[in-house]
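One structure below.
Protein chains: 2
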Amino acid sequence: MSQTTHPSSPNTRILFVKRPDGWPDASCFQTEACPEPECGAQDVVVQALWLSLDPYLRGRMNAGTSYAPGFVLGKPIVSRVVARVIASRNDRYREGDYVWGFLDWALRMVVPRGEGLYRIDPALGRPSLAISALGMPGLTAWVGAIELGKPTPGDTVYISSAAGTIGQLAGQFAKQTGARVIGSVGSDDKRDFVVKHCGYDAAFNYKTRNMDEALQELAPNGIDVYLDNVGGTTLEAALRHANVGARFPICGMISRYNETTDPGIRGMQLMVSKRIRMTGYIINDHVHKLPAYQQRAAQWFRSGAMQFHEDIVHGIEQAPAALIGMMQGEAMGKRLVQVAAA
Amino acid sequence: MSQTTHPSSPNTRILFVKRPDGWPDASCFQTEACPEPECGAQDVVVQALWLSLDPYLRGRMNAGTSYAPGFVLGKPIVSRVVARVIASRNDRYREGDYVWGFLDWALRMVVPRGEGLYRIDPALGRPSLAISALGMPGLTAWVGAIELGKPTPGDTVYISSAAGTIGQLAGQFAKQTGARVIGSVGSDDKRDFVVKHCGYDAAFNYKTRNMDEALQELAPNGIDVYLDNVGGTTLEAALRHANVGARFPICGMISRYNETTDPGIRGMQLMVSKRIRMTGYIINDHVHKLPAYQQRAAQWFRSGAMQFHEDIVHGIEQAPAALIGMMQGEAMGKRLVQVAAA
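Residue numbers (the numbering used here), protein chains in the order written: chain H, 6 to 347; chain C, 6 to 347.
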């Protein structure tokens with residue numbers, strides 16, 4: 006065994022200690038000092054750089070009711086983490102390599118035999134993009150907005166959570182097809198953000214506007230594609246304003262994640278009268294498309310044809326509050342917690 | 006003008022006189038004697054033979070809330086009607102031709118310029134099949150069960166309203182693909198009927214059984230295709246028992262037609278975790294497929310590879326009660342009202 010020492014700061018991790026009933030709060034998490042990792046034969050030790058905060062993590066806080074396995078009480082929170090290899094006894098990784106994986110929320114950790122790590126090509130863009138615009142969330146936006154949504158020039162594409170990771174990318178992808186792109190967001194700042202920076206033609210703050218009035222105004226010709234990230238009354242309003250033949254890719258229903266009762270989606274009979282196609286999808290089923298997507302998208306970001314905005318919180322001890330805040334809608338773009346200098 | 010006389014019985018029609026609030030009852034209809042039709046230049050006069058009774062007619066009793074235009078108060082009910090030409094001053098039709106169209110519920114009527122009539126080829130099968138197994142309802146079953154459902158050998162296909170027009174056909178189509186086919190029905194007689202006569206491997210009476218228990222027992226490996234004709238709690242149960250990647254073609258939500266409130270469909274978040282594709286469809290969009298379907302299906306019925314069961318009520322004055330009864334689930338197979346000898 007070789008001991009890896011890091012004089013900069015003591016190793017720290019975030020444990021999951023209580024299943025939330027509704028919204029999670031600080032009592033669901035515990036920050037604690039932990040031992041420095043030891044690099045056994047074939048192992049890799051990494052320094053975490055960015056922790057990814059995503060809506061689906063709420064589902065993992067339940068006991069096995071979502072599609073991802075539930076978090077274990079007393080164990081660290083796990084999410085996508087971008088890291089740098091700081092010690093390796095594995096031929097596939099060398100010190101300095103950038104990697105990502107579903108890793109513990111810890112400053113430094115051992116990855117047994119390097120399993121579950123994915124190499125990041127820094128030539129494609131800044132390493133943090135590997136878990137957002139150039140990673141699975143980016144592919145989620147692409148598959149939903151383009152492959153399932155199939156927008157054509159003149160179509161109206163409506164995207165909820167427009168300022169989120171998927172929303173900001175999906176809006177730009179849809180815009181490239183010649184569609185009119187509108188979004189709903191949870192604040193006036195986000196409304197301005199998506200119109201100024203994410204290619205949206207228009208957006209509205211669903212917290213201050215009647216959804217039917219806003220959709221009537223912003224989508225006067227009806228909705229041809231609705232990329233659903235939230236479900237609930239937002240989905241119901243989209244059904245009401247959908248055109249015949251509309252496509253509804255469904256990648257999440259965040260509005261339900263924190264609810265303990267399910268009021269149901271009303272107006273589903275509109276699926277028939279409007280011949281709507283609603284497709285739930287999980288991006289893991291599309292992972293084979295990632296390399297081609299990465300090459301294509303990297304070019305767009307490098308050329309400036311597309312932009313991607315990160316909302317970075319600093320310090321691992323801020324991670325629980327940053328996660329809770331993200332779930333309550335405060336993030337402007339993709340929220341990451343940066344826990345060490347890249 | 007040439008006067009067409011019919012000494013057999015005075016002409017009679019059924020008017021729509023009251024919009025129902027919930028279930029329709031006898032007071033929504035009025036049977037009255039009416040003049041014999043007169044055949045003007047280019048016109049066609051037909052003798053109705055079979056009136057088609059279909060669930061979607063309930064929607065037309067509302068004031069413009071369904072996909073088909075609403076019935077007009079004081080005017081005759083209109084549905085698919087199979088008829089025989091009894092007088093023609095139109096080159097396209099001759100006395101004795103079998104035709105169908107969306108026609109008034111009347112014994113005899115004029116069809117101005119013969120517009121909206123479709124010729125029936127009696128070589129394909131008995132004329133009544135033109136508005137059921139060899140017509141749009143048959144195509145509805147085919148498009149839903151096969152084209153949208155895409156069953157493969159070993160899949161489990163679940164069909165609600167299994168004993169109805171679409172259900173009895175969809176079950177036989179799905180069975181041809183090598184799938185296991187199960188159905189839900191509203192009586193024990195219908196359960197026996199679909200298993201004995203419509204190729205179903207198993208069925209259950211949803212009025213006497215817990216749906217989750219029945220689906221657990223009859224679809225132990227889960228549901229891969231759910232052909233939805235009813236919506237409501239039946240759709241919710243199908244979501245719970247669906248497999249990953251399940252296809253849900255939705256051709257109707259009859260359970261909602263008579264309800265004035267909409268409780269919503271619960272469990273829609275399962276669309277994401279199970280990657281379900283739900284597709285509402287209306288068969289009018291697929292009408293171009295009808296000729297090829299008719300040739301194929303006619304062969305199956307002629308050869309005895311498939312059967313189609315009609316539930317025939319006799320006499321035009323019985324039509325309102327037959328329609329109300331059909332909506333309440335009493336029909337065994339496709340319900341028709343035969344109003345004259347073929």
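Glycine included, every Cβ here is placed at the ideal spot set by N, Cα and C. Quick caveat, the model's predicted, so the values are computed rather than measured.
C-beta atoms of residue i and residue j nearer than 9 Å
i, j, result
"residue 49/C", "residue 148/C", "no"
"residue 55/H", "residue 87/H", "yes"
"residue 114/H", "residue 292/H", "no"
"residue 184/C", "residue 145/C", "no"
"residue 108/H", "residue 14/H", "no"
"residue 81/C", "residue 171/C", "no"
"residue 209/C", "residue 233/C", "no"
"residue 257/H", "residue 61/H", "yes"
"residue 125/C", "residue 102/C", "yes"
"residue 163/C", "residue 231/C", "yes"
"residue 270/H", "residue 321/C", "no"
"residue 240/H", "residue 57/H", "no"
"residue 203/H", "residue 312/H", "yes"
Residues of its chain near residue i, where Cβ-Cβ distance is below 6 Å and the 5 sequence neighbours each way are ignored
i, result
"residue 143/C", "174, 302"
"residue 229/H", "160, 161, 248, 251"
"residue 132/C", "87, 103, 125"
"residue 288/H", "141, 144, 145"
Contact set for residue i: own chain, Cβ-Cβ below 7 Å, skip 5 residues either direction
i, result
"residue 217/C", "242, 245"
"residue 207/H", "187, 200, 223"
"residue 22/H", "33, 34, 35, 78, 79"
"residue 227/C", "161, 246, 247, 248"
"residue 42/C", "9, 50, 113, 114, 115"
"residue 155/C", "252"
Boundaries (first-last residue) of the alpha helix (DSSP H) holding residue i
i, result
"residue 171/C", "170 to 181"
"residue 83/H", "No alpha helix (DSSP H) contains residue 83/H, which is instead part of the beta strand (DSSP E) from 83 to 93."
"residue 295/C", "295 to 308"
"residue 201/C", "193 to 202"
"residue 330/C", "324 to 332"
"residue 218/H", "216 to 223"
"residue 285/H", "Counting along the chain, residue 285/H falls outside any alpha helix (DSSP H), though it belongs to the beta strand (DSSP E) covering 282 to 285."
"residue 65/C", "62 to 65"
"residue 55/H", "No alpha helix (DSSP H) contains residue 55/H, which is instead part of the beta strand (DSSP E) from 49 to 57."
"residue 145/H", "141 to 147"
Chain-order list of residues whose beta-carbon lies under 8 Å from that of residue i (same chain, five-residue window excluded)
i, result
"residue 337/C", "168, 194, 195, 198, 314, 316"
"residue 46/C", "94"
"residue 371/H", "Because chain H in this structure spans residues 6 to 347, residue 371/H falls outside the shown range and cannot be described."
"residue 99/C", "90, 93"
"residue 284/H", "153, 252, 253, 254, 255"
"residue 127/H", "103"
Whole-angstrom distance between residue j and residue i, CA atom to CA atom
i, j, result
"residue 9/C", "residue 344/C", "Note that residue 9/C scores 46 on pLDDT, short of 50, meaning its location in the model is unreliable; the coordinates nonetheless yield the value given after this. Residue 9/C and residue 344/C: Cα-Cα distance of roughly 18 Å."
"residue 192/H", "residue 165/H", "13 Å"
"residue 79/H", "residue 65/H", "14 Å"
"residue 329/C", "residue 63/C", "9 Å"
"residue 28/C", "residue 211/C", "20 Å"
"residue 3/C", "residue 273/H", "This structure leaves residue 3/C out entirely; chain C is present only between 6 and 347."
"residue 281/C", "residue 136/H", "26 Å"
"residue 298/H", "residue 300/C", "45 Å"
"residue 105/C", "residue 89/C", "8 Å"
"residue 39/H", "residue 85/H", "20 Å"
"residue 121/H", "residue 31/H", "29 Å"
"residue 346/C", "residue 319/C", "10 Å"
"residue 130/H", "residue 296/H", "14 Å"
"residue 25/H", "residue 267/H", "17 Å"
"residue 53/H", "residue 176/H", "30 Å"
"residue 324/H", "residue 59/H", "12 Å"
"residue 335/H", "residue 326/H", "11 Å"
"residue 75/H", "residue 278/C", "14 Å"
"residue 275/H", "residue 150/H", "21 Å"
"residue 83/H", "residue 339/H", "17 Å"
"residue 181/H", "residue 304/H", "14 Å"
"residue 310/C", "residue 119/H", "59 Å"
"residue 308/C", "residue 235/H", "51 Å"
First through last residue of the beta strand (DSSP E) which encompasses residue i
i, result
"residue 250/H", "247 to 255"
"residue 162/H", "161 to 164"
"residue 276/H", "First-last for residue 276/H: 275 to 278, but that is the alpha helix (DSSP H), not the beta strand (DSSP E)."
"residue 114/H", "113 to 116"
Distance between beta carbons of residue j and residue i, contact taken as under 8 Å
i, j, result
"residue 179/C", "residue 306/C", "Between residue 306/C and residue 179/C the Cβ distance is about 17 Å, and since that is not below 8 Å, they are no contact."
Near the ligand MN: residue i beta-carbon under 8 Å from a heavy atom
i, result
"residue 126/H", "The ligand MN is not part of the structure shown, which contains no ligands of any sort."
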